[in-house]
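These notes concern the structure reproduced below.
Residue numbers (this note's numbering), protein chains in the order written: chain A, 1 to 366; chain B, 1 to 514.
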């Protein structure tokens, strides 16, 4: 029987503390002052409008790609291709924002979003279709197709869609469709609210709608789904497409909220941070926002830590890595729960009138 | 023979809790030298847990375990094996890609320098084969041998490791009646040779046939230890369940109507074989139960999958109440009135990670009133689930409990409830009582009979011949993907059906031998 997950919040918090302690030891060994470094890290992430704004701005794409990854995982896919979907979504939005005729700003933003979603979804459908039709490993296809997406957008913004300014970028989108900045002078923008709405909608879709029920059923047990009359192959493709669409939204918000155009190679592995945020919390969509926010704060605070405490930014990557290692050790804090668990479970036992088979249920049957 | 108080194993006042269950509460068990001692009880009664403690897999919370008169404080499987305890688990612990010989010696290889001494191991194994008349083919790979043979390999493996005490966890569940007879002969020879055997089972006839003494457990508690001579199956069943049990339901004369399911010359392929099912034709009429008997793996599963739309029918026709449903999707087949209790409830039957209510509503979650558009109406689902839980006596009664934690019987009741409630024209019941306790078997059988009385057709598949005989109006016997014969229930006995199950070729062979 799989280990039960204990209270995930406490586990995450303890994991965080532990990795910070290990990070501190690293810093001591390297001759830095860990306390100062952490203070600067914290300040750099949260204190002051610019700092907090930067954190929020970084948070949005990590959140969306993280939720996107989690959605794919619900149908049993490992969508390693969100980065590619983000790039393609971004360039689609940049194109639509510049080349489409003038229309009311709200409508224009919506068109950008929808087009980017469609492109992202179609791109994500490729590995999904290959997977369900010919059993091709979707991770391989995703990784490779991400290169294709990157180089394709790179060619576009250097060639046909180039702004011809000497920089590898597309022409700027219409001024009026830029998302409003909310914490000037930082780059935080109303994309934050779009992201929240999107994530809320995804959570509703997954846990309250029939579509989401199909996703969960197929992801948890596709043989059961098929027997129940659900076409599991179709559902896997749908799940991946939703995942890709979320990548597309992330790209759109980067373009319309931060840059105003598509800049070659702008993302620098945003989607990887999103994937990590999702995986650390066992792809539990309801925890992804927390984790995404944490990763974003680390990213934002790292710069000021380097600047003011002299600690190299890479130490943050080290802490993140340690954090991931600890977070994946699911039984790390198990001992904490042992005592409490027996009490709780005993109480649960009185509710479950006949749980006698639970220990054996898995093994004995069949 | 067994000396009265020559105990090789004594377990007293054993106590063991798991996080969710008090699995054993005051467990008692003694084993004499050279006896076959059956340990019986329903699923979850604690029999396997007791034996796993003896084998050192679990550590008891309280009580003492004595082996050979020594109190064992910290038992591990290593120490247990050293003391001569051997266990054959319900699922075989064999490496499929290795040969029989390699499996037996794995971990205990006799060596010549750094090289495994295969000659010596072969000689040692042959000694067991000869002494106990256990046919095995040492050079075949595990995936090439039958289940019965794999079981013999497991027994030889434990003997090879020096076991004097053999713990057999539900060993007969996978055997045909004929294989069972042979298996029991082996057990008797082992006993006569001074080995002690713990026989875990819930098949009372077998227990009465093979045991010297019988210990009954119920919900983790020790009930009694009796000598075989002093008891009978009815009394044992009563001790196991805690009340009178009626498994052999009075078979009511079927009120047979028009054909509901017609199979016409069905051909379909298996995972390995191109034509697993070869030209099967029969029908199921309204108001009757047709049972398919056969040793596991003779095409029953593939046939059911083909009928239910889960496997491609290559040739032939499946007709449900006049409508051709050949190669329809499972969804279309359901719409046409096919309901199906699948053989593997953990794979297909249930989504174990989801709750009882989600499983009960699993095939109609998109219908009104359970959903409006794509919005799911949790309240309606809850109400529906609560109704079914009550109607089918599913425990726990809380609809949000995850099905993974349920006992086999209650898990199966969820599947049965969902499929019976679906109110189709045909109910396929594949292994409906596999791995469930007696109480649940009783109620599942009652339900199947009630469905039959409503005038629906039932196609029953069971590896348990007794079940097929007890429920069916007609019995279709399958062997290697073909129908060996169709027997009316009046004429069917475990002997004639059992022989058909082995196929005619084996039939002739047996005649030659005898």
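From the three backbone atoms N, C-alpha and C, an ideal C-beta is built for every residue, glycine too.
Selection from the options that minimises the alpha carbon distance to residue i
i: residue 92 of chain B; options: B/152, B/60, B/470; result: B/152
i: residue 75 of chain A; options: A/217, A/26, A/39; result: A/217
i: residue 186 of chain A; options: A/73, A/52, A/129; result: A/52
i: residue 472 of chain B; options: B/291, B/485, B/86; result: B/291
i: residue 213 of chain A; options: A/151, A/236, A/191; result: A/236
i: residue 377 of chain B; options: B/233, B/312, B/145, B/365; result: B/365
i: residue 74 of chain B; options: B/86, B/137, B/55; result: B/55
i: residue 251 of chain A; options: A/49, A/57, A/37, A/42; result: A/57
i: residue 306 of chain A; options: A/36, A/20, A/244; result: A/36
i: residue 208 of chain B; options: B/467, B/231, B/402, B/70; result: B/231
i: residue 49 of chain B; options: B/372, B/89, B/433; result: B/89
i: residue 237 of chain B; options: B/259, B/266, B/206; result: B/206
i: residue 163 of chain A; options: A/99, A/135, A/300, A/83; result: A/99
Residue i: CB within 6 Å of a non-hydrogen atom of the ligand SAH
i: residue 56 of chain B; result: This structure simply doesn't include the ligand SAH, nor any ligand for that matter.
Counted within 10 angstroms of its Cβ, other Cβ atoms place residue i as buried (16 or more) or exposed
i: residue 384 of chain B; result: buried
i: residue 271 of chain A; result: buried
i: residue 221 of chain A; result: buried
i: residue 34 of chain A; result: buried
i: residue 204 of chain A; result: exposed
i: residue 243 of chain B; result: exposed
i: residue 224 of chain A; result: buried
i: residue 368 of chain A; result: The question about residue 368 of chain A has no answer, for chain A in this structure spans 1 to 366.
i: residue 165 of chain B; result: buried
i: residue 255 of chain B; result: exposed
i: residue 286 of chain A; result: exposed
i: residue 340 of chain A; result: In this prediction, residue 340 of chain A scores a pLDDT of 48, lower than 50, which makes its location untrustworthy; the coordinate-derived value is nonetheless stated afterwards. With fewer than 16 other Cβ atoms within 10 Å, it is exposed.
i: residue 281 of chain A; result: buried
i: residue 324 of chain B; result: exposed
i: residue 323 of chain A; result: buried
i: residue 59 of chain B; result: exposed
i: residue 133 of chain B; result: exposed
i: residue 359 of chain B; result: buried
i: residue 454 of chain B; result: exposed
Contact set for residue i: own chain, Cβ-Cβ below 7 Å, skip 5 residues either direction
i: residue 346 of chain B; result: 352
i: residue 553 of chain B; result: With chain B represented from 1 up to 514, any question about residue 553 of chain B goes unanswered, as that position is not in the structure.
i: residue 330 of chain B; result: 308, 309, 310
i: residue 343 of chain A; result: In this prediction, residue 343 of chain A scores a pLDDT of 46, lower than 50, which makes its location untrustworthy; the coordinate-derived value is nonetheless stated afterwards. The answer is none, since no qualifying residue turns up.
i: residue 342 of chain B; result: 348, 349, 430
i: residue 201 of chain B; result: 38, 40, 170, 172, 207
i: residue 426 of chain A; result: Because residue 426 of chain A is not part of the residues shown, which for chain A are 1 to 366, the question remains open.
Contact set for residue i: own chain, Cβ-Cβ below 6 Å, skip 5 residues either direction
i: residue 435 of chain B; result: 408
i: residue 357 of chain A; result: Model confidence at residue 357 of chain A stands at a pLDDT of 36, short of 50, so the residue's coordinates are unreliable; what they give is reported in the following sentence. No residues qualify anywhere along the chain.
i: residue 80 of chain A; result: 139, 142, 143
i: residue 345 of chain A; result: Per-residue confidence for residue 345 of chain A stands at a pLDDT of 45, beneath the threshold of 50, marking its modelled position as unreliable; no derived number is given.
i: residue 47 of chain B; result: 39, 41, 200, 217
i: residue 124 of chain A; result: 85, 240, 241, 243, 244
Cut-off 8 Å between Cβ atoms - residues of its own chain near residue i, not counting five sequence neighbours on either side
i: residue 249 of chain A; result: 64, 89, 113, 116, 117, 120, 194, 195, 198
i: residue 17 of chain B; result: 23, 61
i: residue 13 of chain B; result: 26, 27, 28, 62, 63, 64
i: residue 372 of chain B; result: none
i: residue 486 of chain B; result: 282, 474, 475, 476, 477
Against chain A, which members of the segment 355-388 of chain B pass a CB distance test of less than 7 Å? Those residues of the segment 355-388 of chain B that come within reach of chain A (Cβ to Cβ, closer than 7 Å) are 362, 363, 365, 366, 371, 374, 375, 376.
Going residue by residue through the segment 13-69 of chain B, where are the continuous beta strand (DSSP E) segments of at least 3 residues, counting only ones entirely within it? Counting whole runs of 3 or more residues, the segment 13-69 of chain B contains the beta strand (DSSP E) stretches 22-32, 36-40, 62-67.
At a CB distance below 7 Å, what residues from the segment 131-147 of chain A approach chain B? Give them in sequence order. Shown here is that no member of the segment 131-147 of chain A has a Cβ falling below 7 Å from a Cβ of chain B.
Give the list of continuous alpha helix (DSSP H) stretches no shorter than 4 residues that lie fully inside the segment 65-126 of chain A. The alpha helix (DSSP H) runs lying completely inside the segment 65-126 of chain A and spanning 4 residues or more are 82-99, given in chain order.
Starting from the N-terminal side, write out each stretch of the beta strand (DSSP E) that is 3 residues or longer and does not extend beyond the segment 391-463 of chain B. Within the segment 391-463 of chain B, the complete beta strand (DSSP E) runs of at least 3 residues are 426-430, 457-461.
So if I threshold CB-CB distances at 7 Å, which residues from the segment 130-151 of chain B count as touching chain A? Cβ proximity to chain A below 7 Å picks out nothing from the segment 130-151 of chain B.
As an exercise, report each continuous alpha helix (DSSP H) stretch of at least 4 residues that is fully enclosed by the segment 229-274 of chain A, in chain order. Complete alpha helix (DSSP H) runs here, min 4: 232-253.
Could you tell me which whole beta strand (DSSP E) segments of length 3 or greater appear in the segment 210-268 of chain B? The segment 210-268 of chain B contains, as complete beta strand (DSSP E) runs of 3+ residues, the segments 213-218, 221-227, 259-268 (chain order).
Run through the segment 127-175 of chain B for me and flag every whole beta strand (DSSP E) of 3 or more residues, listed as ranges in chain order. Within the segment 127-175 of chain B, the runs of beta strand (DSSP E) at least 3 residues long that lie entirely inside it are, in chain order, 165-169.
Anything in the segment 105-120 of chain A with a Cβ closer than 7 Å to a Cβ of chain B? List those residues in chain order, please. For the segment 105-120 of chain A, which is checked against every Cβ of chain B, not one residue is closer than 7 Å.
Sequence ranges, alpha helix (DSSP H) only - wholly within the segment 2-55 of chain A, length at least 4: For the segment 2-55 of chain A, the full-length alpha helix (DSSP H) segments reaching 4 residues or more read 8-29, 34-46 along the chain.
According to a CB-to-CB cut-off of less than 9 Å, which residues of the segment 334-357 of chain B neighbour chain A? For the segment 334-357 of chain B, the residues whose beta carbon sits under 9 Å from a beta carbon of chain A are, in order, 334, 335, 340, 342, 343, 344, 345, 346, 347, 348, 349, 350, 351, 352, 353, 354.
Select from the segment 321-333 of chain B all residues with a C-beta closer than 9 Å to any C-beta belonging to chain A, and list them in chain order. Residues of the segment 321-333 of chain B that bring their beta carbon within less than 9 Å of a beta carbon in chain A comprise 329, 330, 331, 332, 333, in sequence order.
Which residues, in chain order, does the segment 297-310 of chain B contribute to contact with chain A at a C-beta distance below 7 Å? Cβ contacts with chain A: 310.
Let me know the beta strand (DSSP E) ranges lying completely inside the segment 319-359 of chain B, each 3 residues or longer, listed in chain order. At a cut-off of 3 residues, the continuous stretches assigned as beta strand (DSSP E) that sit fully inside the segment 319-359 of chain B are 338-341.
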